[in-house]
Amino acid sequence: DRGNEFHRLVRIFLTEADVEPLIPGDVQHDVESFELNPSGTQIAYVLNVDGISSLEVLDLESRKVERPPIPQGVISHLRWDTLGMQLGFSLSNAATPTDAYSFAFLTREISAWTESETGGLDLKSTPPAELVRIESFDGLKMSGFLYRPDAKKFPGKRPCMIQIHGGPESQSRPDFIGRWNYLTREMGVAIFFPNVRGSEGYGKSFLAADNGFKREDSVKDIRAFIEVLKKDAQIDSTRLAVMGGSYGGYMTLASLIHHGDELRCGIDIVGISNFLTFLKNTQDYRRDLRRVEYGDERDEKMASHLAKISPTERAGEIKDPLFIVQGKNDPRVPVTEARQMAEAVRKAGGKVWYLEAADEGHGFQKKQNADFLFLSVLEFLKANLL
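FYI, the numbering for the sequence shown is 21 to 406, going by this note's numbering.
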């Protein structure tokens with residue numbers, strides 16, 4: 021990405037130290053991965069287009085680009101066959117757990133090599149995730165993905181869960197959502213995955229657009245997404261919930277503070293509740309890395325700003341039911357972040373469910389704990405969203 025907003029595909033001539041871009045400079049998307057064919061005449065590469073993978077094959081002599089008709093989703097693990105006649109890849113989308121496929125250039129056919137176990141879940145009729153594009157409060161363009169329940173099974177306007185990714189340098193993509201299919205298929209709850217400013221995949225400026233003093237601009241983005249969801253004829257604007265893990269947990273708390281009038285409830289999983297205590301108590305090896313993102317608390321003005329935007333300082337403004345989830349042994353976001361937030365909301369008269377696992381860290385990994393958490397989330401949503 022030297023001299024460019026996006027990760028490009030380039031060729032370096034080792035003897036001359038020249039760098040030659042291999043795809044046009046007006047391609048405003050990251051190249052995520054690439055694979056050279058056995059004869060060295062073609063390169064297959066994957067572009068990240070608003071979170072959707074686009075597979076392209078470049079002929080190095082003619083510079084022509086071919087785009088195999090791959091279904092919408094997330095592509096990984098490119099592999100050529102030994103003759104360069106087929107291209108293998110993995111694909112995940114709303115209807116497909118990550119499976120292996122190949123594309124034959126002569127026949128133009130896509131073949132599935134594997135069929136993942138889905139526990140009896142019939143995915144054949146699953147629609148693709150919908151790409152939703154918006155302009156935020158300052159005109160910045162961004163997008164997210166909406167998974168809808170079956171309108172025949174669940175007619176009328178449906179409640180919606182807004183799931184905010186962590187990182188914040190991460191990206192929600194239109195891949196398989198696993199057990200969250202239960203919400204859409206059995207509870208009739210739509211799920212929306214926004215990519216606010218600070219998400220990766222949209223260029224370096226977008227990635228840095230929430231750093232330091234600009235932190236709450238990403239919270240304003242959630243309001244912009246909510247306004248678009250409210251105009252959707254199939255979404256019940258009176259039944260919106262927000263959920264997120266790690267940095268997404270902070271975004272959940274901040275959304276309940278700033279947009280609580282539009283929300284029914286929120287679920288904060290291993291989230292940051294106070295930036296000053298977080299930076300003080302997180303593991304030493306992470307502190308300087310996080311200061312680049314959130315701001316250096318050793319600077320007096322930044323410390324004052326971080327204190328002002330910390331959810332613990334505004335806990336009294338959270339009027340919606342809140343579910344806080346935490347692993348006791350979390351090295352990234354220490355357990356004190358969850359405990360102090362629960363205490364602050366309760367002191368202010370708010371309603372809090374609290375779940376702490378003594379044998380977990382940054383997220384629940386053990387199956388019995390993950391199952392318990394999932395069922396607890398369902399009960400919380402039944403009580404406060406449905």
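Note that the Cβ used here is the ideal one computed from N, Cα and C, for glycine as well.
Check, Outcome
"Nearest CA to the CA of Glu380: which residue from Phe392, Gly315 and Leu260?", "Phe392"
"Can you give the beta carbon distance from His279 to Ile255, rounded, assuming they're within the 8 Å contact cut?", "Not quite, the Cβ-Cβ distance comes to about 15 Å (not below 8 Å), so this is no contact."
"Going by alpha carbons, who is nearest to Ser122 out of Glu220, Ser96, Asp170 and Ser190?", "Ser96"
"Could you check how far apart the C-beta atoms of Phe394 and Arg199 are, in whole angstroms? I think they sit under 8 Å.", "6 Å"
"To the nearest angstrom, how far is it from the Cα of Thr258 to the Cα of Gly369?", "23 Å"
"Check whether the Cβ of Met181 lies closer than 8 Å to any heavy atom of the ligand FMN, and answer yes or no.", "This structure simply doesn't include the ligand FMN, nor any ligand for that matter."
"For the 8 Å Cβ check, are there 3 or more pairs between the region 33-41 and the region 234-253?", "no"
"I'd like to know if the region 353-370 and the region 219-229 are in contact, where contact means that at least 3 CB-CB pairs between them fall below 8 Å.", "no"
"When the distance is taken between beta carbons, is Pro341 closer than 9 Å to Thr302?", "no"
"Given a cut-off of 9 Å on the beta-carbon distance, is the pair Phe212 and Gln183 in contact?", "yes"
"Can the beta-carbon of Leu75 be found closer than 9 Å to that of Ile90?", "yes"
"Measure the C-alpha to C-alpha separation of Glu376 and Met181 and round it to an integer number of angstroms.", "22 Å"
"List, from N- to C-terminal side, the alpha helix (DSSP H) runs of 4 residues or more that fit wholly inside the region 351-396.", "355-367"
"According to the neighbour-count rule (16 or more other Cβ atoms, all chains shown, within 10 Å of its Cβ), is Ile32 buried or exposed?", "exposed"
"Would Pro148 count as contacting chain D if we go by Cβ distances under 9 Å?", "In the displayed structure, chain D is absent; only one protein chain is listed."
"How about Arg168 and Met162: are their beta carbons less than 9 Å apart?", "no"
"Quick check on Phe125: does DSSP put it in helix, strand or coil?", "coil"
"Among Ala210, Met207 and Ala228, which residue has its Cα nearest to the Cα of Val216?", "Ala228"
"Where are the alpha helix (DSSP H) runs, 4 residues long or more, that stay fully inside the region 211-242, in chain order?", "224-227"
"Along the chain, where does the alpha helix (DSSP H) containing Leu29 start, and where does it finish?", "From DSSP, Leu29 is part of no alpha helix (DSSP H); its letter is neither H nor E."
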